[in-house]
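S.K.: Just add 94 to wherever you are in the sequence shown, counting from 1, and you've got the working numbering.
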Amino acid sequence: MTAELILNRRDLDFQIFEVNDAEALTQRERHADHSRETFVAALDAAMAIAADKFFTHNRESDEQEPEFDGKRVEIIPQVKDALQAYCEAGFIAPTQDYDLGGMQLPVLMGQAFSAIFKSANAATNSYVGLTIANANVINRFGTESQKKRYLPHMLSGRFFGTMCLTEPQAGSSLSDITTAAVPQGDGSYRLTGNKIFISGGDHELSENIIHLVLARLPGAPAGVKGISLFIVPKFMVNDDGSLGARNDVALAGLIHKMGWRGTTSTMLSFGEKGQCYGELIGQPNQGLAAMFHMMNEARIGVGMGAVMLGYRGYLASLQYARERPQGRRAGSKDPNEPQIKLIAHADIRRMLIAQKAYVEGGLSLGLYAARLVDEQKTGPDETKREEAGLLLELLTPIVKSWPSQWCLEANSLAIQIHGGYGYTREYPVEQFYRDNRLNMIHEGTHAIQSIDLLGRKVVMQQGAALELLGREIAATVKDASAYETLSANADALTIAWSNVVQTVKALAPLLKEKGELALANSVVFLEAFGHTVVAWQWLRQALVATRALKDAKGDDEINFYRGKLHTCAWFFDWELPRCKPQHELLRSLNDSTLTMQDAWF
Numbered sequence: 095m096t097a098e099l100i101l102n103r104r105d106l107d108f109q110i111f112e113v114n115d116a117e118a119l120t121q122r123e124r125h126a127d128h129s130r131e132t133f134v135a136a137l138d139a140a141m142a143i144a145a146d147k148f149f150t151h152n153r154e155s156d157e158q159e160p161e162f163d164g165k166r167v168e169i170i171p172q173v174k175d176a177l178q179a180y181c182e183a184g185f186i187a188p189t190q191d192y193d194l195g196g197m198q199l200p201v202l203m204g205q206a207f208s209a210i211f212k213s214a215n216a217a218t219n220s221y222v223g224l225t226i227a228n229a230n231v232i233n234r235f236g237t238e239s240q241k242k243r244y245l246p247h248m249l250s251g252r253f254f255g256t257m258c259l260t261e262p263q264a265g266s267s268l269s270d271i272t273t274a275a276v277p278q279g280d281g282s283y284r285l286t287g288n289k290i291f292i293s294g295g296d297h298e299l300s301e302n303i304i305h306l307v308l309a310r311l312p313g314a315p316a317g318v319k320g321i322s323l324f325i326v327p328k329f330m331v332n333d334d335g336s337l338g339a340r341n342d343v344a345l346a347g348l349i350h351k352m353g354w355r356g357t358t359s360t361m362l363s364f365g366e367k368g369q370c371y372g373e374l375i376g377q378p379n380q381g382l383a384a385m386f387h388m389m390n391e392a393r394i395g396v397g398m399g400a401v402m403l404g405y406r407g408y409l410a411s412l413q414y415a416r417e418r419p420q421g422r423r424a425g426s427k428d429p430n431e432p433q434i435k436l437i438a439h440a441d442i443r444r445m446l447i448a449q450k451a452y453v454e455g456g457l458s459l460g461l462y463a464a465r466l467v468d469e470q471k472t473g474p475d476e477t478k479r480e481e482a483g484l485l486l487e488l489l490t491p492i493v494k495s496w497p498s499q500w501c502l503e504a505n506s507l508a509i510q511i512h513g514g515y516g517y518t519r520e521y522p523v524e525q526f527y528r529d530n531r532l533n534m535i536h537e538g539t540h541a542i543q544s545i546d547l548l549g550r551k552v553v554m555q556q557g558a559a560l561e562l563l564g565r566e567i568a569a570t571v572k573d574a575s576a577y578e579t580l581s582a583n584a585d586a587l588t589i590a591w592s593n594v595v596q597t598v599k600a601l602a603p604l605l606k607e608k609g610e611l612a613l614a615n616s617v618v619f620l621e622a623f624g625h626t627v628v629a630w631q632w633l634r635q636a637l638v639a640t641r642a643l644k645d646a647k648g649d650d651e652i653n654f655y656r657g658k659l660h661t662c663a664w665f666f667d668w669e670l671p672r673c674k675p676q677h678e679l680l681r682s683l684n685d686s687t688l689t690m691q692d693a694w695f
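1) Three or more C-beta pairs closer than 8 Å, one from the region 415 to 434 and one from the region 356 to 372: is that the case here?
2) Which whole-angstrom value describes the C-beta separation of MET330 and GLY338, a residue pair presumed to lie in contact below a C-beta threshold of 8 Å?
3) Give the DSSP bridge partners of HIS305, in chain order.
4) When burial is assigned at 16 or more other CB atoms within 10 Å of the CB, is THR219 buried or exposed?
5) Give, in chain order, every unbroken run of the alpha helix (DSSP H) that is at least 4 residues long and sits entirely within the region 182 to 218.
6) Judging by CA-CA distance, which residue of TYR180, ARG122, PRO522, ASP127 is the nearest neighbour of THR472?
7) Sort ALA614, ALA383, ASN215, ARG634 by Cα distance to TYR180 and report the nearest one.
8) Would you give the residue range spanned by the alpha helix (DSSP H) that THR696 belongs to?
9) Let me know if ARG234 comes out buried or exposed under the rule of 16 or more other beta-carbons within 10 Å of its beta-carbon.
10) So LEU299 and LYS174 are in contact, right, with Cβ under 8 Å, and what is the actual spacing, rounded?
11) How big is the Cα-Cα spacing for LYS351 and LYS608?
12) Exposed or buried, which one is ASP71 when buried takes at least 16 other CB atoms within 10 Å?
13) To which residues does DSSP link ILE292 through a beta bridge?
14) Would you grab the beta carbon distance between GLU537 and ALA400 for me? Rounded to a whole angstrom, and I think it's under 8 Å.
15) Given that a residue counts as buried once 16 or more other Cβ atoms are within 10 Å of its Cβ, and exposed if not, what is LEU446?
16) Just the C-alpha distance for GLN635 and THR237, rounded to the nearest angstrom, thanks.
17) Hey, ASP685 and LEU611 are a contact pair by Cβ (cut 8 Å); roughly how many whole angstroms apart?
18) What number of angstroms, rounded off, separates the C-alpha of LEU489 from the C-alpha of GLU431?
19) Can you tell which of ASP191, SER498, SER592 has the C-alpha that lies nearest to the C-alpha of ALA126?
20) By the three-class DSSP mapping on this structure, what secondary structure does ILE232 have?
21) At the level of alpha carbons, what is the spacing between CYS662 and GLU678?
22) Can you give me the C-alpha to C-alpha distance between VAL523 and ALA410, rounded to a whole angstrom?
23) Buried or exposed: ALA316, going by 16 or more other Cβ atoms within 10 Å of its Cβ?
24) Can you tell which of LEU194, ASN505, GLU366, GLN499 has the C-alpha that lies nearest to the C-alpha of TYR527?
25) When DSSP builds the beta bridges, which residues end up paired with PRO419?
26) What do you get for ILE496, buried or exposed, if any count of 16 or more other CB atoms within 10 angstroms of its CB means buried?
27) Identify the residues that DSSP records as bridge partners of GLU373: which are they?
28) Quick test of the definition: if touching needs 3 or more C-beta pairs under 8 Å, does the region 593 to 602 touch the region 631 to 645?
29) Could you compute how far the alpha carbon of LEU620 sits from the alpha carbon of ASN533?
30) Taking DSSP as the reference, what is the three-state secondary structure of TYR521?
31) Where do the N-terminal and C-terminal ends of the beta strand (DSSP E) with ARG340 fall, by residue?
32) Is DSSP giving GLY456 helix, strand or coil here?
33) Please tell me whether ILE186 and LEU249 are closer than 8 Å, where the distance is taken between their beta carbons.
34) Roughly how many angstroms separate the alpha carbons of GLN240 and MET385, rounded to a whole number?
35) Pick from MET554, GLY407, CYS673: whose alpha carbon is nearest that of GLU487?
36) Here's a check: name, in chain order, each residue in its chain whose Cβ is nearer than 7 Å to the Cβ of ILE304, leaving out the five neighbours to either side.
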């Protein structure tokens, strides 16, 4: 029963194998040792560990959050036990090369494993999620010496990792960071400065913590063009991998947030004694480009985390609605009639289908992004690899932000279905909401993502990414148009995409001359663009379900595919129509947010 509350495994298998054709990846040299059987076995192992080790302490780690006694951070022991099982099973490096201790599984599978663990316990999973992204940066930008010193230990789970961007005075404005790094003449640097809101910044869950820290070199250009990236270990690492002295990195305190309470959120001080050792990674003043490699991974990870917290709430409220008797059918006048289950009420089904549409649409989006990474890395055609990278760049702001908004809405609906009980700690849905609310700000707010999308991504390379996505959508529309049951949705998606293109054409010329006006309502553009992309994901699922339904055997399979088709139709009827007035507002160049005066509030 525990596994059924983590994830609908039938949905995950559908999206991996039927929609995204994971088996085709086994035809590529990198994944030739694998098959559907090895993929399924790995998924089974992930579900078992998630159910036995992660799910079981999710509430306890929320109620008994980490505490700092002035010397060390105290964390409930189940967290370390779960992470040890995770690392021993190889889930910290499933997509890495064999010679790095990995399994050379596709990124699609890696994201599927991640989804399972995030659903079971988002806070505990965050320690390894950050470590994986950190290791990928070192693997891509580090010297051979740095790779040898740090990677084997990170990819085994002996060391964990962080990303250190934010400073108290700068917030999301990275151009204003002041942490400094001074060269020592021996290739090392001494760092001084403070970072805040650093997830996993201190703990004793691993032998060491490897921080990736943004800082400025002496004489560096102002703004983001003068930021470099440094490796800063909590403990020095000797050439043989053994640990040396404690580095001059101090925990200044823990931050206690409304959600993710099981993850240490820290204030870190670098160089209080003037002896904070760091190593430059990548080129001087190119730190943000290197860190963005980690941030983009983290953004996709945040989006998938938001999906899975929404998914947990959906499954919990579905179970509750099926079990809880309350009230009678609308129009019933007889108080002696037996109560009906909540799910028999139309408004409860409205809230359940909305949740299903948001979380299964979000999961489809996240796994599609993972499949693009596989195409980018191992696709046999160079043009297709480049196109996959372009699509991924365009979609990353959507993958991060759309689930952070709409899967949070799913959590809100889950609470509503529980009624008064949903607001109590007797049921888990209030925690899922608190945990998911943080994802709106993790790795950049909606405004940051929307400015990236409208101000840069849709117009990069003269709109090449936008045109490419349009071709992908058109291909799906063409296939769907051949089915009478999907043709109306195909037409609606064509119109919705046309609205996206028209809005870009209206706003793009203003970006240079009247940038503030063009971007004033960028969050509205992000919402409309996101809804259109998710409608496309639902049409992709509906196509597969339509083709499979004719050969489906047994009630469970038939009901599964019919559920997909009905939810797709619901999304097109209820959600996609939101976009038209949003585009009309955007193209009107409404300036009410700009012209509102401080004194009028």
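From the three backbone atoms N, C-alpha and C, an ideal C-beta is built for every residue, glycine too.
M.R.: Considering the structure as presented:
1) no
2) Here residue 330 refers to the residue found at position 236 of the sequence shown. Here residue 338 refers to the residue found at position 244 of the sequence shown. Their Cβ separation, rounded to whole angstroms, is 3 Å, which keeps MET330 and GLY338 in contact under 8 Å.
3) As a first step, residue 305 is located in the sequence shown; it is residue number 211 there, counting from the start. THR256, VAL326.
4) One-based indexing of the sequence shown puts residue 219 at position 125. Residue 219 is actually Asn in this sequence, not Thr. The residue in question, ASN219, is buried, as its Cβ has 16 or more Cβ neighbours within 10 Å.
5) 201 to 214
6) The residue you call residue 472 lines up with position 378 of the sequence shown. Of the candidates TYR180, ARG122, PRO522, ASP127, the one whose C-alpha sits nearest the C-alpha of THR472 is ARG122.
7) Position 86 of the sequence shown, counted from the start, is the residue given in the question as residue 180. Comparing Cα positions, the closest option is ASN215.
8) There is no way to answer for residue 696, as the model of the chain reaches only from 95 to 695.
9) Counting from 1 along the sequence shown, the entry for residue 234 is found at position 140. So ARG234 counts as exposed.
10) To locate residue 299, count along the sequence shown from 1; it is residue 205. To locate residue 174, count along the sequence shown from 1; it is residue 80. Indeed, because the Cβ distance is near 5 Å, the residues count as touching under 8 Å.
11) The sequence position of residue 351 within the sequence shown is 257, counting from 1. The sequence position of residue 608 within the sequence shown is 514, counting from 1. LYS351 and LYS608: Cα-Cα distance of roughly 38 Å.
12) Look at the range of the chain in this structure, 95 to 695, and you will see that residue 71 is not part of it.
13) Locating residue 292 in the sequence shown gives position 198, counting from the first residue. Partner(s): THR360.
14) Here residue 537 is taken as the residue at index 443 of the sequence shown, counted from 1. Here residue 400 is taken as the residue at index 306 of the sequence shown, counted from 1. Not a contact, Cβ separation roughly 11 Å.
15) To locate residue 446, count along the sequence shown from 1; it is residue 352. The residue is buried, with at least 16 neighbouring Cβ atoms inside 10 Å.
16) Along the sequence shown, one-based indexing puts residue 635 at 541. Along the sequence shown, one-based indexing puts residue 237 at 143. Cα to Cα, GLN635 sits roughly 43 Å from THR237.
17) The count along the sequence shown starts at 1 and reaches residue 685 at position 591. The count along the sequence shown starts at 1 and reaches residue 611 at position 517. Right, the Cβ-Cβ distance comes to about 6 Å (below 8 Å), so this counts as a contact.
18) Counting from one through the sequence shown, the residue named residue 489 turns up at place 395. Counting from one through the sequence shown, the residue named residue 431 turns up at place 337. Distance between the alpha carbons of LEU489 and GLU431: 52 Å.
19) Translated into the one-based positions of the sequence shown, residue 126 becomes position 32. Per the Cα distances, ASP191.
20) One-based indexing of the sequence shown puts residue 232 at position 138. If DSSP states are grouped into helix, strand and coil, ILE232 belongs with the helices.
21) As a first step, residue 662 must be located in the sequence shown, where it is residue number 568. As a first step, residue 678 must be located in the sequence shown, where it is residue number 584. If you take the alpha carbons of CYS662 and GLU678, they lie about 25 Å apart.
22) Position 429 of the sequence shown, counting from 1, holds the residue named residue 523. Position 316 of the sequence shown, counting from 1, holds the residue named residue 410. Cα-Cα distance, rounded: 7 Å.
23) As a working note, residue 316 is residue 222 in the sequence shown. Result: exposed.
24) Locating residue 527 in the sequence shown gives position 433, where the first residue counts as 1. Comparing Cα-Cα distances from TYR527 to each of LEU194, ASN505, GLU366, GLN499, the minimum goes to ASN505.
25) Residue numbering aside, residue 419 sits at position 325 when the sequence shown is read from its first letter. BP columns for PRO419 point to LYS435.
26) Position 402 of the sequence shown, counted from the first residue, corresponds to residue 496. Looking at the sequence itself, residue 496 is Trp, so the reference to Ile does not match. Buried.
27) Against the sequence shown, residue 373 aligns to sequence position 279. According to DSSP, GLU373 bridges with ILE325.
28) no
29) Here residue 620 corresponds to residue number 526 of the sequence shown, with the count starting at 1. Here residue 533 corresponds to residue number 439 of the sequence shown, with the count starting at 1. Going from the Cα of LEU620 to the Cα of ASN533 covers about 16 Å.
30) Locating residue 521 in the sequence shown gives position 427, counting from the first residue. The answer is coil: DSSP assigns TYR521 none of H, G, I, E or B.
31) Counting from 1 along the sequence shown, the entry for residue 340 is found at position 246. That run of the beta strand (DSSP E) goes 337 to 340.
32) Working through the sequence shown from its first residue, we reach residue 456 at position 362. Three-state DSSP puts GLY456 in a helix.
33) In the sequence shown, residue 186 corresponds to position 92, counting from 1. In the sequence shown, residue 249 corresponds to position 155, counting from 1. The answer is yes: Cβ separation under 8 Å.
34) On the sequence shown, residue 240 is found 146 positions in, with the first residue counted as 1. On the sequence shown, residue 385 is found 291 positions in, with the first residue counted as 1. Computed Cα separation, rounded: 16 Å.
35) Start at 1 with the first residue of the sequence shown, and residue 487 comes out as number 393. Selected option, being the one with the closest Cα: MET554.
36) As a first step, residue 304 is located in the sequence shown; it is residue number 210 there, counting from the start. Once the five neighbours on either side are set aside, the close Cβ partners of ILE304 are ASN228, TYR244, MET248, PHE253, GLY255, ILE325, PRO327.
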